[in-house]
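Just below is one structure, and these are the notes that go with it.
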Amino acid sequence: MTKKKLGPMNLYPLLPRTNCGECVPKTCMGFAVQLCERGLTLAQCPPLADPKFQIGLEKLEALLAPPVQEVVIGRGEREVRVGGQLVMHRHELRYFNKTAIFTTVDDTMAGEDIASRVKETSSFAYPYIGHTLRLDGITVRSLSNDVDTFQKTVEMVNGLTGMPLVLWSADPVIISAGLETAGEKRPLIYAADESNWEQMAELANHSGCPLAVHADGNVGTIRSLISAISDRGVKNLLIDPGCGFGETLRGTLDNMTMIRTSGISGDDSLMGHPLIGSPVTLWDLRNSLPDESIRWMESCLASMMTIRYADLMIIRDPSMWSTLPLVVLINNLYNDPRKPVSVEPGLRVFGTPDPVNSPVLITSNFALTYFTVLSDIEKLNCYLLVADTEGLSVDSAVAGRKFNAQKVADIINSSGISNKVTHRTLIIPGLAARLKGDIEDAIKWDVMVGPRDSAGIPGYLKEKWEGVDHKPGWSYR
Ligand code: SF4
Numbered sequence: 000m001t002k003k004k005l006g007p008m009n010l011y012p013l014l015p016r017t018n019c020g021e022c023v024p025k026t027c028m029g030f031a032v033q034l035c036e037r038g039l040t041l042a043q044c045p046p047l048a049d050p051k052f053q054i055g056l057e058k059l060e061a062l063l064a065p066p067v068q069e070v071v072i073g074r075g076e077r078e079v080r081v082g083g084q085l086v087m088h089r090h091e092l093r094y095f096n097k098t099a100i101f102t103t104v105d106d107t108m109a110g111e112d113i114a115s116r117v118k119e120t121s122s123f124a125y126p127y128i129g130h131t132l133r134l135d136g137i138t139v140r141s142l143s144n145d146v147d148t149f150q151k152t153v154e155m156v157n158g159l160t161g162m163p164l165v166l167w168s169a170d171p172v173i174i175s176a177g178l179e180t181a182g183e184k185r186p187l188i189y190a191a192d193e194s195n196w197e198q199m200a201e202l203a204n205h206s207g208c209p210l211a212v213h214a215d216g217n218v219g220t221i222r223s224l225i226s227a228i229s230d231r232g233v234k235n236l237l238i239d240p241g242c243g244f245g246e247t248l249r250g251t252l253d254n255m256t257m258i259r260t261s262g263i264s265g266d267d268s269l270m271g272h273p274l275i276g277s278p279v280t281l282w283d284l285r286n287s288l289p290d291e292s293i294r295w296m297e298s299c300l301a302s303m304m305t306i307r308y309a310d311l312m313i314i315r316d317p318s319m320w321s322t323l324p325l326v327v328l329i330n331n332l333y334n335d336p337r338k339p340v341s342v343e344p345g346l347r348v349f350g351t352p353d354p355v356n357s358p359v360l361i362t363s364n365f366a367l368t369y370f371t372v373l374s375d376i377e378k379l380n381c382y383l384l385v386a387d388t389e390g391l392s393v394d395s396a397v398a399g400r401k402f403n404a405q406k407v408a409d410i411i412n413s414s415g416i417s418n419k420v421t422h423r424t425l426i427i428p429g430l431a432a433r434l435k436g437d438i439e440d441a442i443k444w445d446v447m448v449g450p451r452d453s454a455g456i457p458g459y460l461k462e463k464w465e466g467v468d469h470k471p472g473w474s475y476r
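As structure tokens, this is what we get:
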């Protein structure tokens with residue numbers, strides 16, 4: 000169940016209603032529609048800054064506030080926003096603020112191991128469909144239970160990276176020492192529980208840092224803690240309902256679902272806070288299992304908790320083989336389902352193409368199509384035109400008339416390709432074969448029909464491009 004859907008008519012009466020045209024939609028009703036879809040923000044209506052609209056602005060802010068609070072961890076370029084969710088299910092609108100992944104260092108680790116893990120975390124980068132997938136922060140855990148040891152470890156990590164931190168200890172004295180060192184970075188304090196919540200609330204209030212609330216598997220206790228801590232004036236809270244495996248796994252996932260359902264539905268505002276998954280705790284229960292088995296379990300558990308609404312995930316280390324499925328899953332889950340994943344239309348140049356002999360190919364701007372074609376031709380000398388098909392693949396775009404003769408003419412004209420090659424031959428994808436005649440009429444170039452699968456492009460060029468009196472200007476570099 001999701002909170003009653005906000006409609007444009009809930010917002011329109013609170014806007015200036017002057018249709019001044021200063022926003023992108025140009026009209027107040029258009030602006031209200033896009034506010035509902037979260038395509039625009041209130042800051043994009045300049046007249047709302049006028050004090051005479053102050054009351055309306057406050058009402059708009061309250062109406063648009065997400066039922067799951069958005070919390071900021073860290074400061075500056077690498078600060079992380081978690082939560083801010085509006086819907087239970089992605090298809091209802093979209094999810095906001097990707098699940099943040101924090102790795103962990105323990106204050107009992109050797110200095111070189113800490114440095115190495117911090118370096119691996121901050122340099123983690125995986126290129127994926129036009130994005131670089133990264134990790135988000137570091138958790139510093141006190142396992143020594145020694146104030147000085149923890150403070151020195153926080154100091155070291157803080158000096159090595161600008162990434163946001165989680166300070167992890169149940170002892171308020173130890174957390175206080177960590178805050179003395181890194182409090183200005185707005186770390187997440189982890190965590191308030193039944194034994195320490197008053198001191199932790201005081202630390203959060205004093206430092207202005209967000210606070211995690213933890214109770215293993217007991218949603219009732221979490222609710223009571225949040226109520227008591229909120230009454231002390233702490234605003235930025237996250238919930239860790241514990242992390243079970245084996246027999247308690249189902250309970251963990253049920254609790255996360257229950258908390259998110261209550262938060263999103265608006266039935267229980269105390270549950271409207273971002274959720275933490277902490278599969279790193281599996282390493283503390285390792286028994287006699289080998290490291291690789293624990294790592295495998297941690298990866299599975301983190302993936303399950305991501306699907307069950309975790310907004311922040313604490314894992315042990317950024318081992319590529321086990322972390323990669325998680326970062327890819329998060330990227331796929333958090334992209335906007337209303338927008339096909341696309342790349343910028345335009346001209347791409349591969350190698351050092353020859354103006355007389357090098358082929359000109361064309362494809363769609365659907366990201367998966369583009370990157371597949373790219374991997375098949377990146378070692379050739381050629382030009383590739385990327386048509387604006389609104390993010391649709393070639394066959395869908397042809398069927399939906401998003402890849403048509405006019406679109407091809409548009410990209411030929413806007414790309415300036417006519418000034419880069421002296422020949423006038425365009426190779427279209429095999430999946431667009433039926434447009435050959437229309438495209439020829441529209442652009443007055445010869446059109447050759449390429450292979451249906453871009454993997455066949457090099458073989459096709461060898462066989463057909465040379466065969467029409469062109470030299471092999473497409474050749475491998
Ligand atoms: S900028 Fe504001 S007042 Fe002007 S048209 Fe847009 S919503 Fe209306």
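Here the sequence shown is numbered in numbering that gives the first Met the number 0, starting from 0 and rising by one per residue.
Ideal placement from N, C-alpha and C gives every residue a C-beta, glycine not left out.
Nothing here was measured: the structure is a model prediction, and the numbers come from that model.
Beta-carbon contacts of residue i that lie in its chain and below 6 Å, excluding the five residues immediately before and after
i, result
"Thr220", "Ala214"
"Tyr459", "Gly449 and Pro450"
"Ala454", "Asp375"
"Val81", "Val70, Asn96, Ala99, Pro273, Asp310 and Leu311"
"Gly216", "Gly241 and Gly250"
"Glu462", "none"
Buried or exposed by the 16-neighbour rule on C-beta atoms within 10 Å, applied to residue i
i, result
"Thr17", "exposed"
"Pro317", "buried"
"Glu297", "buried"
"Cys242", "buried"
"Pro50", "exposed"
"Asn364", "buried"
"Arg199", "The identity of residue 199 in the sequence shown is Met, whereas the question assumes Arg. Met199 comes out buried."
"Ser268", "exposed"
"Ala396", "buried"
"Met312", "buried"
"Gln68", "buried"
"Thr102", "buried"
"Val467", "Here the model assigns Val467 a pLDDT of 47, short of 50, so the residue's position is not dependable, and the following value carries that caveat. Exposed: under 16 other Cβ atoms inside 10 Å."
"Leu62", "exposed"
Cβ-based neighbour list, residue i, same chain, cut-off 7 Å, excluding 5 preceding and 5 following
i, result
"Thr1", "Annotation note: pLDDT 47 at Thr1 (below 50); position unreliable, coordinate value reported separately. For Thr1, where only same-chain residues beyond five positions count, the Cβ hits under 7 Å are Val86, Met87, Glu91, Ile263 and Ser264."
"Val218", "Pro240, Asn254, Met257 and Ile258"
"Phe149", "Asp106, Ser141, Ser143, Ser168, Ile173, Ala176 and Gly177"
"Gly390", "Lys338, Pro339, Val340, Ser341, Asn364 and Phe365"
"Tyr127", "Val327 and Asn330"
Endpoints, alpha helix (DSSP H) assigned at residue i
i, result
"Ile54", "Gln53 to Leu63"
"Pro7", "Pro7 to Leu10"
"Val153", "Val146 to Leu159"
"Val79", "Per DSSP, Val79 belongs to no alpha helix (DSSP H); it is in the beta strand (DSSP E), Val79 to Gly82."
"Asp440", "Lys435 to Ile442"
"Met87", "No alpha helix (DSSP H) contains Met87, which DSSP labels as neither H nor E."
"Gln43", "No alpha helix (DSSP H) contains Gln43, which DSSP labels as neither H nor E."
"Ala220", "As written in the sequence, residue 220 is Thr, which differs from the Ala given in the question. Its alpha helix (DSSP H) spans residues Val218 to Asp230."
"Pro336", "Premise fails: Pro336 is in no alpha helix (DSSP H) and is neither H nor E."
"Lys406", "Ala404 to Ser414"
Endpoints, beta strand (DSSP E) assigned at residue i
i, result
"Ile137", "Gly136 to Arg140"
"Gly345", "Gly345 to Phe349"
"Ile72", "Glu69 to Ile72"
"Pro126", "Tyr125 to Tyr127"
"Asp105", "Ala99 to Asp105"
"Thr247", "Careful: Thr247 lies outside any beta strand (DSSP E) and carries neither H nor E."
"Asp445", "Asp445 to Val448"
Strand pairing of residue i, partner residues [DSSP]
i, result
"Val359", "Tyr382 and Leu425"
"Ala211", "Leu237"
"Leu274", "Ile238 and Ala309"
"Ile188", "Leu166 and Leu210"
"His130", "Tyr127"
"Ser395", "Paired residues: none, contrary to the question."
"Ser287", "According to DSSP, which records beta bridges pairwise, Ser287 is partnered with nothing at all."
Own chain, CB closer than 8 Å to residue i, minus 5 neighbours either side, in chain order
i, result
"Asn144", "Ser168, Asp170 and Ile173"
"Pro493", "This structure cannot settle anything about residue 493, because the visible part of the chain is limited to 0 through 476."
"Gly6", "Cys35"
"Arg433", "Val397"
"Glu60", "Leu41"
"Thr280", "Cys242"
Residue i: CB within 8 Å of a non-hydrogen atom of the ligand COA
i, result
"Ser392", "What this structure holds is the ligand SF4, not the ligand COA."
Check your understanding: For the ligand SF4, which residues have a Cβ under 7 Å from at least one heavy atom, in chain order?
Key -> Leu14, Pro15, Arg16, Thr17, Asn18, Cys19, Gly20, Glu21, Cys22, Pro24, Lys25, Thr26, Cys27, Phe30, Cys44, Pro45, Pro46 and Leu47
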